[in-house]
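Only one structure is covered here, and it is reproduced in the block below.
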Amino acid sequence: MKILTNALLVSLLFMVSCAENKSKGKSDLSANASKNITYKGTASITQGLAKTITEDIYTCERGRKTDVGEIVSTDGKKWTVPAETHYTDDSFPFATDLHNECEGKNYATTEEALSHFDASNTVEIDTDGELYTAYIFADNYFEMYVNGVPVGKDKVPFTQFNSSVVKFKVQKPFTIAMKLVDWEEHLGVGCEANRGKSFHAGDGGMVAVIKNEKNETVAVTDENWKAQTFYTAPITDLACVSEEGAYRYSKNCDTNGGQDGSQFYALHWELPKDWMKAGFDASNWPNATTYTNRTIGVDNKPAYTNFTDIFDDKDHDAQFIWSTNVVLDNEVLVRYTVK
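Going letter by letter, the sequence shown gives residues -19 to -1, 1 to 320 in mature numbering (1 follows the signal peptide of the UniProt record, and there is no 0).
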């Protein structure tokens, strides 16, 4: 794929000493990585681990740490990793549990979960609107808007894996916009300890089904959604990434990870203003890429398998969606209009 011809050419000289405190991480660039690197693209670049600014925004037995970090890119911009979210913002409502092992909400069926739904948690966008119900499984975290109004955020930012219910009243047509985050254990490089590697690249994925008051499916996640990435890591060689228009590709990049992430790079793009509003123009964003249940790895997760009547309905089979790279892309925005 050809690289965007009018992208800014940036020459980077990395000549800063190694971070001493690996547990908290530093945004300094390692002296061992000192070299001239030519990068053609629109992203800001960071290297190595971020500084932890908030620890454990959520705790769960057998769950991974949910820390938040900060890192400065070579162009002087400050970035929140894995993403800037509204998790601690009380004005942004939490979604209701469809299944949540962290809090003992181990519902076996959709009916059981809905029987515990508190009607006061329904978000009213239009007073004369129709009632809709969204069923969502996200790996790992989501924030959902309808016509720019916050309607639900994930209760569990990382693990154990959970699923959610969101109810809202709105008139058609309406636009769903979601921020999706693949959380990270090693802040700033998109990695977690897994499969014998200290720095293993994580993966994402989100599936959703929206039904009306008659329990009719009005939308499912598929290739007709729009999806754009805003944080990609870990990158071991910046030459592997490319852009064409609004398309940001990392499909040729190594996803193997390793035992030391201090040399890994990350790419960051600023989120556009009003990206969650109905009038935002995302027509140039790539269509979402779809992934199989097996690729995402949900066949052993009750938060998904207990609700295959919803997610895998033979007449309205929802697909897992993400950007073009479900492993390296860690912050993704998706949009879809229900007509």
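Even for Gly, the Cβ is constructed at its ideal location relative to N, Cα and C.
Source: prediction; values computed, not measured.
Terminal residues of the continuous alpha helix (DSSP H) containing Asn121? Asn121 -> no alpha helix (DSSP H), and no H or E assigned at all.
First and last residue of the uninterrupted alpha helix (DSSP H) at Arg275: Asn274 to Ile277
Any 3 or more C-beta pairs closer than 8 angstroms across the stretch 139 to 157 and the stretch 293 to 310: no
Beta-carbon spacing of Thr27, His181 below 9 angstroms: With respect to His181, Thr27 sits apart: the two C-beta atoms are not nearer than 9 angstroms.
Answer yes or no: do Asp135 and Phe123 have a C-beta to C-beta separation smaller than 9 angstroms? yes
Simplified DSSP assignment, three categories, for Thr270: strand
Flag this pair as yes or no: are the beta carbons of Phe139 and Phe118 separated by less than 9 angstroms? No, Cβ-Cβ distance for Phe139 and Phe118 is not below 9 angstroms.
Leu95 and Ala214 - do their beta-carbons sit closer together than 9 angstroms? no
Residue from Val222, Glu204 and Gly278 whose Cα sits closest to the Cα of Thr19: Val222
If I'm right that Val137 touches Cys41 with Cβ under 8 angstroms, what's the distance once you round it to whole angstroms? 6 angstroms
Skipping 5 residues on each side, what residues in its chain have a beta carbon closer than 8 angstroms to that of Ile216? Val222, Ser231, Cys234, Phe245, Tyr246, Ala247, Leu248 and Leu309
Using C-beta distances below 7 angstroms, list every residue in its chain close to Gly239, excluding the 5 sequence neighbours before and after it, in chain order. Lys178 and Phe180
Check whether the Cβ atoms of Thr66 and Thr210 lie closer than 9 angstroms to each other. Not a contact, by the Cβ cut-off of 9 angstroms.
Residues sharing a beta bridge with Val222, DSSP: Val222 pairs with nothing; no bridge assigned.
Run the CB neighbour count on Ser8, radius 10 Å, all protein chains shown included, and call it buried at 16 or more, exposed below. Reliability fails at Ser8, whose pLDDT of 41 lies under 50, so the model's placement of it is uncertain and the value that follows must be treated cautiously. Classification of Ser8: buried, given that the 10 Å Cβ count is 16 or more.
Any idea what DSSP makes of Glu165, helix, strand or coil? coil
Report the three-state DSSP secondary structure of Asn81 (helix, strand or coil). strand
Please confirm if the stretch 199 to 210 is in contact with the stretch 257 to 273, defined as three or more CB-CB distances below 8 angstroms between the two stretches. Yes: at least three Cβ pairs fall under 8 angstroms.
Taking all protein chains shown into account, do 16 or more other C-beta atoms lie within 10 angstroms of the C-beta of Gly226, making it buried, or fewer, making it exposed? exposed
Alpha carbon to alpha carbon, how far is Ala158 from Phe75? Give it in angstroms, no decimals. Here the C-alpha atom of Phe75 lies approximately 16 angstroms from the C-alpha atom of Ala158.
9 angstroms Cβ cutoff, Lys320 in contact with chain C: In the structure shown, chain C cannot be found, because there is only a single protein chain.
Own chain partners of Tyr68 with C-beta closer than 7 angstroms, once the 5 adjacent residues on each side are dropped: Ile38, Lys134 and Pro138
What residues in its chain sit with their C-beta under 6 angstroms from that of Tyr212, if we drop five residues either side in the sequence? His249, Asn311 and Glu312
Could you say which of Cys83, Gly44, Ile34 and Thr47 lies nearest to Lys59 if we only look at CA atoms? Measuring from the Cα of Lys59, the nearest candidate turns out to be Ile34.
Cα-Cα, which of Gly85, Glu92, Asn81 and Tyr285 is closest to Val188? Tyr285
Buried or exposed: where does Gly242 fall if 16 or more other Cβ atoms within 10 Å of its Cβ makes it buried? buried
Roughly how many angstroms separate the alpha carbons of Asp163 and Pro253, rounded to a whole number? 19 angstroms
One or two residues paired with Phe155 in a DSSP bridge: Val319
Would Asn121 be called buried (16 or more neighbouring beta carbons within 10 Å of its own) or exposed? buried
Starting from Ala214, follow the beta strand (DSSP E) in both directions and report where the run begins and ends. Lys207 to Ile216
Pairwise C-alpha distance: Tyr228 and Thr156: 22 angstroms
Ignore the nearest five residues each way along the sequence and tell me which others in Lys16's own chain have a CB closer than 6 angstroms to its CB. Below a pLDDT of 50, predicted positions are generally treated as unreliable, and Lys16, at 45, falls in that range; the measurement from the model is reported next regardless. Taken in chain order, the list of residues that qualify is empty.
Exposure of Lys153, with buried meaning 16 or more beta-carbon neighbours within 10 Å: exposed
In angstroms, rounded to a whole number, what distance separates the CA positions of Val127 and Gly260? Straight through space, the alpha carbons of Gly260 and Val127 are spaced by roughly 12 angstroms.
Sorry if obvious, but does the Cβ on Glu82 come closer than 8 angstroms to a heavy atom of the ligand SAM? Looking at this structure, you won't find the ligand SAM or any other ligand, since it has none at all.
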